[in-house]
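Let me begin by presenting the structure, written as structure tokens, before commenting on it.
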Amino acid sequence: LAAAPQAGAATPAARPGDLLTVRLDQLRPTQPSVGKDQIFYKLGRYASQKDEQAGDFNKRFDDWCETNGQGEAEKVPAGARLADPASFTCAIPLGEETEESLAAMKTVVIGPGGSLYLTDGHHSLTSFWEAPDGGPATTIRLRVQADYSDLGESAFWDEMRARHWVWLRDEHGDPVTTGELPTRLGLSRFHDDPYRSLVYFTRDIGYTAPEDAAEYLEFLWGGWLRERLDLGTYDLDDPASYLQAVRDASELMVAADPDEVIADGRTAAELGRLDEWNDGKKPEKGEFGKLSQPLTAEKPGKLAFALDYRSRTVVPPRCTTTLRGARTGPLVVGSGVTCLDNTRQTGPVVVRAGASLVTLGAELTGAVQAVGARSVYLCGTTVDGPLSVVGSGLRTEGPGCSANSFGGPVQLVANTRG
238 LAAAPQAGAA TPAARPGDLL TVRLDQLRPT QPSVGKDQIF YKLGRYASQK DEQAGDFNKR
298 FDDWCETNGQ GEAEKVPAGA RLADPASFTC AIPLGEETEE SLAAMKTVVI GPGGSLYLTD
358 GHHSLTSFWE APDGGPATTI RLRVQADYSD LGESAFWDEM RARHWVWLRD EHGDPVTTGE
418 LPTRLGLSRF HDDPYRSLVY FTRDIGYTAP EDAAEYLEFL WGGWLRERLD LGTYDLDDPA
478 SYLQAVRDAS ELMVAADPDE VIADGRTAAE LGRLDEWNDG KKPEKGEFGK LSQPLTAEKP
538 GKLAFALDYR SRTVVPPRCT TTLRGARTGP LVVGSGVTCL DNTRQTGPVV VRAGASLVTL
598 GAELTGAVQA VGARSVYLCG TTVDGPLSVV GSGLRTEGPG CSANSFGGPV QLVANTRG
């Protein structure tokens with residue numbers, strides 16, 4: 238088994254199956270949205286002491302070891318951190334990976350110019366990115382699916398589409414272009430697809446992922462459920478109502494004819510439909526029983542962790558104007574709430590008194606200035622220029638607000654928490 242060099246040294250010699258060590262901030266997503274409640278579950282559990290109280294290691298170390306092709310965590314001393322893999326030990330030593338442990342790894346395609354495109358693992362790696370002891374510089378090994386570094390952009394994306402290695406639909410199921418994909422990982426850069434979260438929670442209740450799982454399997458089920466189940470009729474902030482949505486969705490999956498085509502020519506059977514709801518177990522047993530456990534339980538369910546964490550996330554004001562894509566020239570926010578959604582803005586940005594600016598995954602080249610602004614939310618944003626926020630409501634961090642990168646002088650004076 239060949240182990241490829243660090244990602245910065247990736248060459249056309251990389252072969253399918255090679256293992257590549259990368260930093261999370263080197264990866265480019267191949268989907269526009271995630272199921273944020275799945276990530277909230279992970280982050281809620283990572284921040285909890287429940288695993289340690291049960292005599293186990295915190296799940297984040299098991300997750301990292303599994304993703305790195307090394308099984309479970311074996312030793313986790315006090316003070317161990319995801320960002321420092323040398324601070325803990327995995328069960329399978331490097332170089333002794335098994336077929337099973339390799340199969341659990343996430344995958345990457347090397348694109349034009351050596352760019353690294355993540356094709357599986359957006360939820361896991363975003364969880365590592367957002368974990369307090371992780372972050373953008375956290376390293377992980379990925380299994381190479383293909384090296385297309387010698388292709389031009391158009392031919393590259395043609396190949397990615399043909400192999401179903403890119404998901405070009407938004408959180409509503411509508412088509413997007415490759416130019417609308419986020420350029421980096423991080424919660425703030427992705428849109429939230431609640432049906433993708435719903436499918437995650439139905440795992441082993443309505444379906445189980447087959448060994449030869451289709452690419453983006455959960456999105457395929459999610460699109461099918463979107464046409465049959467209106468999540469607007471449930472209160473997804475309420476554990477009981479959310480649990481009912483999971484039950485209703487999983488029962489629909491089980492009730493589907495095994496030969497029914499769900500999406501992309503794949504049948505329900507091919508997408509892992511279970512023959513019996515909850516794998517034949519009573520509601521208080523099996524995976525549904527585990528999912529139902531409250532936060533106060535010895536082993537809380539995934540939903541409990543997710544909703545508890547979500548209740549603490551940073552929620553920006555509702556957008557009155559949304560800008561996307563590339564934009565050149567001055568931007569003056571004079572009123573309302575202007576949102577920059579993965580926007581590439583070149584030119585100065587001015588936020589006037591009483592107005593609000595929300596930037597999610599934006600790349601800003603030029604000065605950013607706000608005086609007396611109602612609110613300024615900067616999450617997952619790169620600012621290449623001076624940043625000055627004075628006498629305004631300001632949020633630049635907190636649960637659900639990805640870390641920013643400020644490349645110029647920063648002046649933050651007399652602000653309140655936005």
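Under our numbering, the first residue of the sequence shown carries the number 238, and numbering increases by one thereafter. Heads up, the beta-carbon is just placed ideally off N, CA and C, and yes, glycines get one too.
In terms of Cβ geometry, residue 570 and residue 594 form a close pair [threshold 7 Å]. Between the alpha carbons of residue 432 and residue 459 lies a gap of roughly 5 Å. The shortest CA-to-CA distance from residue 542 to any of 480, 605, 463 and 292 is the one to 480. Counting C-beta pairs with one atom in each stretch, the segment 368 to 384 and the segment 252 to 262 have three or more that are closer than 8 Å, which means they touch.
Nearest C-alpha to residue 266 among 521, 428, 576 and 632: 428. By the Cβ test, the segment 393 to 402 is not in contact with the segment 295 to 313, since fewer than three Cβ pairs between them sit closer than 8 Å. In this structure residue 457 is not in contact with residue 418, their Cβ atoms being roughly 19 Å apart against a cut-off of 8 Å. As for any beta strand (DSSP E) of minimum length 3 sitting wholly inside the segment 257 to 314, the runs are 310 to 312, ordered along the chain. Taking a C-beta distance under 7 Å as the contact criterion, residue 486 and residue 435 qualify as a contact pair.
Inter-residue distance for residue 547 and residue 426 is about 17 Å (C-alpha atoms, whole angstroms). When the five nearest sequence neighbours on each side are left out, the beta carbons in the same chain lying within less than 7 Å of the beta carbon of residue 445 are those of 509 and 511, in order along the chain. Between residue 505 and residue 520, the C-beta gap is not smaller than 7 Å, which leaves the two residues out of contact.
Restricting attention to 650, 285, 440 and 473, the CA atom closest to the CA of residue 535 is found in 285.
Going by beta carbons, residue 554 and residue 612 fall inside the 7 Å limit. Rounded to the nearest whole angstrom, the CA to CA distance from residue 628 to residue 279 is 36 Å.
The alpha-carbon separation between residue 453 and residue 306 amounts to approximately 21 Å.
Within 10 angstroms of the beta-carbon of residue 559 lie fewer than 16 other beta-carbons, which makes it exposed. Note on residue 290: under 16 other CB atoms within 10 angstroms of its CB, so exposed under the neighbour-count rule. Boundaries of the beta strand (DSSP E) around residue 563: 558 to 565. In this structure residue 572 is exposed. Its beta-carbon is surrounded by fewer than 16 other beta-carbon atoms within 10 angstroms.
For residue 444, the secondary structure class from DSSP, reduced to helix, strand or coil, is strand. Annotation: residue 398 is outside any beta strand (DSSP E); the continuous alpha helix (DSSP H) that includes it extends over 390 to 399. For residue 600, DSSP records a beta bridge to 581 and 619.
For the pair residue 585 and residue 439, the Cα-to-Cα distance works out to about 46 Å. Three or more beta-carbon pairs separated by less than 8 Å are not found between the segment 346 to 361 and the segment 317 to 325, which leaves the two stretches without contact.
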